[in-house]
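Input: a single structure, listed below in structure tokens.
Residue numbers (our numbering), protein chains in the order written: chain A, 5 to 331; chain B, 5 to 331.
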């Protein structure tokens, strides 16, 4: 708290494929429900468009501040999908714009993998597997960040939703053709979801959201897995790939924590049972714990720690970019 | 030959992703070099656009006929990529249009896999593996056609150029991350071809010709394979997948012939040695022979046999659609 009766807050933002969410915290506690926009921030020639982000964010922040009686922001943390490769404009524009518009002097820009990490594990060393349509593992020993996979559905994201769904549809096609590795159960489910399989290429390839179409089939693979050895094998391979990525980023000694983040893990035991087993084999020194919170909670933790001068996580232009101006 | 001193020919056409090629034959022999257009035939709401095909084909045919002194066509055979799923307009429009414009009364429309087959094996029973960017196997016992794979780069085409290149780039990404299954040699080649690997997703995903971009890396995998066990393993898996597809379509008894067609096999021994081995194991009763000719040669064979009432291959709306009008 600053003197003079003012009430400062901290702001946390999560910017991703489904839009922007923002939450304000006072004395370390969220002041209310997050506000959300439904429009994803545009990407332009300089990457994620800082102007478009501010256009959506500033009215939300003023609303949050008015609703909670907060009259200043001690810090802001923004988690953004694509920061590592598309963050140029954000790094260039946001520090001065947020100081000018809101008086903000402490700003953290974090990759979405980093907010997933801090949401799950806070400031402890370890590794987090973040999986939805895609899959990335991120880890830290508190000296530097490491990431593995996250290369997208053609080059990797091995074990993620699109990867599992794609493998399931390939098994359906194999069954249709009479090739080895086919599954009649997955073929039946593919036809129920997409219609006759010979028409599947014509329905998949023209779409812009092919990874999401593939990922939509992943829950069918999980449902099949109890009775279908091909489906069970796909999930075992997914678990092995995810554990390989976690092992590539987890500190090799000490007592790191490992957690899972993202919507893919809602499919439950068919994936979680083999994944727990693979992690126990590949990271025997790591403790598997449940994720404490989501990426917005992770951004909030970064904002609070930044406001309190307690941010111990490694800084890095691509993963966690921190601007502070001590005046 | 018809009476009255006229000289009839037969016409063969190959329509694919790189345009149209047409050749005229007189007395079973090509009358000269093929004519080619560089523009692929458009695909519209009713599939491959018959009007656009005719617009390109008719001037080429009139030129070929004038050059060779041919004054009538005893038959026409057209091999078209996509006939099976996108052939509706061709089947509806071409028979009447070609009769009206050129007096053609015997027409065969063949899937490109069928012209690859007949180019390689003629009218014998067997199986052909056709592989370039994609991969499909087609086989016949002369009673019906069978096909396996050919599902495109997300659902299959297992063992084709995009499949091999994709696997090679995944191995490069694994090496970059420090995950198992990585290859430092493939990483170095990927960086030489595409620049620093962290930028690869940004260069691949926005492109419309992603399968071709992936396939462009396949020769690098072949070059690496002699000294790199990961690259060699990718080619062994490609060979296994192709042999599985061939085995799914090849007649299970008798003395079928098996041949390879398409540009992928130019990579030579790194792929051919494991493929010959896999075929010997999976199809011990089949005789592996070199392909006699290319798909245009295959279309020409169909046209000649059709003109001579000797077409013994099975007819089928999607694979080999034949229209004859005996008046």
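C-beta atoms are modelled at their ideal positions from N, C-alpha and C, and glycine is treated no differently.
- As for any beta strand (DSSP E) of minimum length 3 sitting wholly inside the segment 90-149 of chain A, the runs are 110-115, 130-135 and 139-144, ordered along the chain.
- In the DSSP assignment, residue 47/B forms a beta bridge with 52/B.
- Shown in chain order are the members of the segment 169-192 of chain B whose Cβ falls below 7 Å from a Cβ of chain A: 170, 173, 174, 177, 181, 182, 183 and 184.
- With a threshold of 9 Å between beta carbons, residue 205/B makes contact with chain A.
- In this structure, DSSP gives residue 163/A a state outside helix and strand, which the three-state scheme calls coil.
- If you ignore the 5 residues before and after residue 136/A, its C-beta comes within less than 8 Å of the C-beta of 164, 165, 219, 266, 267 and 268, all in its own chain and listed in chain order.
- By a beta-carbon distance limit of 8 Å, residue 131/B contacts residue 260/B. Their separation comes to about 6 Å.
- For residue 159/B, the nearest beta carbon of chain A is closer than 9 Å to its own beta carbon.
- Nearest CB-CB separation between residue 248/A and chain B: below the 9 Å threshold.
- The Cβ atoms of residue 113/B and residue 143/B do not sit closer than 9 Å to each other.
- By the Cβ test, the segment 71-84 of chain B is in contact with the segment 8-25 of chain B, since at least three Cβ pairs between them sit closer than 8 Å.
- Contact with chain A is found for residue 202/B, since one of that chain's Cβ atoms lies less than 9 Å from the residue's Cβ.
- When rounded, the separation of the alpha-carbon atoms in residue 168/A and residue 192/A is 17 Å.
- Under the Cβ criterion (8 Å, minimum of three pairs), the segment 140-159 of chain B counts as touching the segment 317-328 of chain B.
- In this structure, DSSP gives residue 267/A a helical state, which the three-state scheme calls helix.
- The shortest C-alpha to C-alpha distance from residue 290/B to any of 53/B, 145/B, 304/B and 78/B is the one to 145/B.
- In this structure, the alpha-carbon of residue 242/A lies about 14 Å from that of residue 184/B.
- Taken atom to atom, the span from the alpha-carbon of residue 323/B to that of residue 297/B is near 19 Å.
- Taking the Cα of residue 133/A as reference, the smallest distance to any Cα among 25/A, 247/A and 217/A is reached at 247/A.
- In this structure the segment 24-43 of chain B lies against the segment 65-73 of chain B, because at least three pairs of beta carbons, one per stretch, are closer than 8 Å.
- Under the 9 Å criterion on CB atoms, residue 50/A is classed as non-interfacial with respect to chain B.
- The Cβ-Cβ distance between residue 73/A and residue 11/A falls below 9 Å.
- Excluding five sequence positions before and after residue 245/A, the CB atoms of its chain that fall closer than 6 Å to its own CB belong to 162 and 163, given in chain order.
- Within chain B, the residues whose beta carbon sits less than 8 Å from that of residue 156/A are 205, 208 and 209, listed in sequence order.
- Residues of the same chain with a CB within less than 6 Å of the CB of residue 157/B, apart from the 5 flanking positions on each side, are 166 and 215 in chain order.
- Exclusion of the five residues before and after residue 286/A leaves 247, 248, 250 and 251 as the residues of its chain whose Cβ lies within less than 8 Å of its Cβ.
- Only 214 and 218 from the segment 212-237 of chain A bring a Cβ to less than 8 Å from some Cβ of chain B.
- Residue 230/B is positioned such that its CB atom lies no closer than 9 Å to that of residue 194/B.
- Within the DSSP bridge table, the entry for residue 328/A names 110/A as partners.
- A direct Cα-Cα distance of roughly 10 Å separates residue 278/A from residue 237/A.
- Counting every other CB atom within 10 Å of its CB across the protein chains shown gives residue 100/B a total below 16, marking it as exposed.
- Following the DSSP letters along the chain, one finds residue 300/B inside the alpha helix (DSSP H) bounded by residues 299-311.
- Look at residue 153/A: its C-beta is under 9 Å from a C-beta on chain B.
- Around the Cβ of residue 43/A, a 10 Å sphere holds fewer than 16 other Cβ atoms; the residue is exposed.
- Close partners of residue 89/B in chain A (Cβ separation under 8 Å): 202, 203, 205 and 206.
- Here residue 284/A is near residue 292/A, since their CB atoms are less than 9 Å apart.
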